[in-house]
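Its first residue numbered 184, the sequence shown is counted upward by one per residue in our numbering.
The beta-carbon is built from N, C-alpha and C at its ideal position, and this holds for glycine as well.
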Amino acid sequence: GLFVWLFTFVQNRLKIDDVLGVWSLHGVCGLWGALAAGIFGLKAFGGVGGVRFISQFIGSAVAIMLALTAGFVIYGALKLFIGIRLTEEQEYEGADLTIHRISATPKYD
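So this is what it looks like as C-alpha coordinates:
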(Lines of atoms letter the chains of each structure in order from A; the text may use other names.)
(Lines give C-alpha, C1' and ligand atoms only; values in the text may rest on other atoms or scores of the structure.)
Protein backbone atom coordinates (compact mmCIF):
# COMPACT_ATOMS: atom_id res chain seq x y z
CA GLY A 184 0.00 0.00 0.00
CA LEU A 185 2.85 2.39 0.81
CA PHE A 186 4.41 2.04 -2.64
CA VAL A 187 1.10 2.57 -4.44
CA TRP A 188 0.56 5.76 -2.46
CA LEU A 189 4.17 6.87 -3.00
CA PHE A 190 4.29 6.48 -6.76
CA THR A 191 0.77 7.88 -7.21
CA PHE A 192 1.69 10.92 -5.12
CA VAL A 193 4.99 11.52 -6.93
CA GLN A 194 3.48 10.85 -10.36
CA ASN A 195 0.71 13.37 -9.75
CA ARG A 196 3.02 15.92 -8.13
CA LEU A 197 5.60 15.79 -10.93
CA LYS A 198 2.87 15.43 -13.60
CA ILE A 199 4.47 12.31 -15.03
CA ASP A 200 2.39 10.99 -17.93
CA ASP A 201 3.00 7.27 -17.61
CA VAL A 202 0.19 5.39 -19.32
CA LEU A 203 1.59 1.93 -18.70
CA GLY A 204 2.88 2.48 -15.16
CA VAL A 205 6.49 1.83 -16.16
CA TRP A 206 7.92 4.50 -13.86
CA SER A 207 6.12 3.15 -10.82
CA LEU A 208 6.99 -0.47 -11.47
CA HIS A 209 10.61 -0.15 -12.53
CA GLY A 210 11.47 3.14 -10.81
CA VAL A 211 9.95 2.97 -7.35
CA CYS A 212 9.93 -0.81 -6.91
CA GLY A 213 13.38 -1.21 -8.46
CA LEU A 214 14.84 1.44 -6.18
CA TRP A 215 13.23 -0.20 -3.16
CA GLY A 216 14.65 -3.58 -4.18
CA ALA A 217 18.15 -2.14 -4.49
CA LEU A 218 17.97 -0.35 -1.15
CA ALA A 219 16.25 -3.26 0.60
CA ALA A 220 19.15 -5.55 -0.33
CA GLY A 221 21.44 -3.17 1.54
CA ILE A 222 19.13 -3.01 4.54
CA PHE A 223 18.05 -6.64 4.92
CA GLY A 224 21.34 -8.12 3.71
CA LEU A 225 23.00 -7.00 6.94
CA LYS A 226 23.78 -9.73 9.47
CA ALA A 227 22.04 -7.64 12.13
CA PHE A 228 18.75 -8.23 10.27
CA GLY A 229 19.32 -11.94 9.64
CA GLY A 230 21.05 -11.54 6.28
CA VAL A 231 24.26 -13.22 5.20
CA GLY A 232 26.23 -9.99 5.16
CA GLY A 233 28.43 -8.74 2.38
CA VAL A 234 25.85 -6.27 1.10
CA ARG A 235 26.28 -2.75 2.42
CA PHE A 236 23.54 -0.15 2.38
CA ILE A 237 25.86 2.71 1.43
CA SER A 238 27.12 0.87 -1.66
CA GLN A 239 23.54 0.06 -2.67
CA PHE A 240 22.57 3.70 -2.16
CA ILE A 241 25.49 5.01 -4.22
CA GLY A 242 24.86 2.46 -6.97
CA SER A 243 21.18 3.43 -7.08
CA ALA A 244 22.02 7.13 -7.27
CA VAL A 245 24.47 6.48 -10.13
CA ALA A 246 21.88 4.38 -11.97
CA ILE A 247 19.26 7.14 -11.59
CA MET A 248 21.66 9.79 -12.88
CA LEU A 249 22.68 7.58 -15.81
CA ALA A 250 19.04 6.88 -16.72
CA LEU A 251 18.08 10.56 -16.48
CA THR A 252 21.06 11.65 -18.57
CA ALA A 253 20.44 9.00 -21.22
CA GLY A 254 16.75 9.86 -21.28
CA PHE A 255 17.41 13.56 -21.79
CA VAL A 256 19.93 12.85 -24.57
CA ILE A 257 17.79 10.30 -26.40
CA TYR A 258 14.48 12.14 -26.10
CA GLY A 259 16.18 15.45 -26.83
CA ALA A 260 17.55 14.02 -30.09
CA LEU A 261 14.18 12.50 -30.99
CA LYS A 262 12.41 15.77 -30.28
CA LEU A 263 14.95 17.72 -32.32
CA PHE A 264 15.06 15.45 -35.38
CA ILE A 265 11.65 13.79 -35.73
CA GLY A 266 9.40 15.26 -33.06
CA ILE A 267 7.69 13.39 -30.25
CA ARG A 268 4.57 15.51 -29.76
CA LEU A 269 1.13 13.99 -30.31
CA THR A 270 -1.35 15.69 -32.61
CA GLU A 271 -4.20 17.60 -30.97
CA GLU A 272 -6.61 14.80 -31.86
CA GLN A 273 -4.30 12.18 -30.32
CA GLU A 274 -3.94 14.31 -27.18
CA TYR A 275 -7.70 14.59 -26.90
CA GLU A 276 -8.19 10.82 -27.29
CA GLY A 277 -5.24 10.08 -25.01
CA ALA A 278 -1.96 8.30 -25.63
CA ASP A 279 -3.28 5.13 -24.04
CA LEU A 280 -5.80 4.71 -26.87
CA THR A 281 -3.95 6.25 -29.82
CA ILE A 282 -0.55 4.64 -29.26
CA HIS A 283 -1.02 1.63 -26.97
CA ARG A 284 -4.63 0.73 -27.87
CA ILE A 285 -5.55 0.24 -24.22
CA SER A 286 -7.96 2.15 -22.04
CA ALA A 287 -6.92 3.91 -18.86
CA THR A 288 -10.28 2.91 -17.34
CA PRO A 289 -11.26 -0.48 -18.84
CA LYS A 290 -14.10 -1.10 -16.39
CA TYR A 291 -15.89 2.04 -17.60
CA ASP A 292 -15.63 1.31 -21.34
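8 angstroms Cβ cutoff met for residue i and residue j
{"i": "Gln239", "j": "Ala227", "result": "no"}
{"i": "Trp188", "j": "Ile199", "result": "no"}
{"i": "Thr281", "j": "Leu263", "result": "no"}
Residue i versus residue j - alpha carbon distance
{"i": "Ala253", "j": "Gly232", "result": "33 angstroms"}
{"i": "Leu197", "j": "His209", "result": "17 angstroms"}
Start and end residues, alpha helix (DSSP H) containing residue i
{"i": "Gly254", "result": "Phe236 to Phe264"}
{"i": "Phe190", "result": "Leu185 to Arg196"}
DSSP three-state assignment for residue i, whether helix, strand or coil
{"i": "Ser207", "result": "helix"}
{"i": "Gly216", "result": "helix"}
7 angstroms Cβ shell around residue i - same chain, five flanking residues per side excluded
{"i": "Arg212", "result": "Position check: residue 212 holds Cys in this sequence, whereas Arg was assumed. Hits under 7 angstroms: Phe186."}
{"i": "Ile267", "result": "Tyr258 and Leu261"}
Close-in-space but distant-in-sequence residues of the same chain around residue i (CB under 8 angstroms, 5 per side omitted)
{"i": "Leu218", "result": "Phe236, Gln239, Phe240 and Ser243"}
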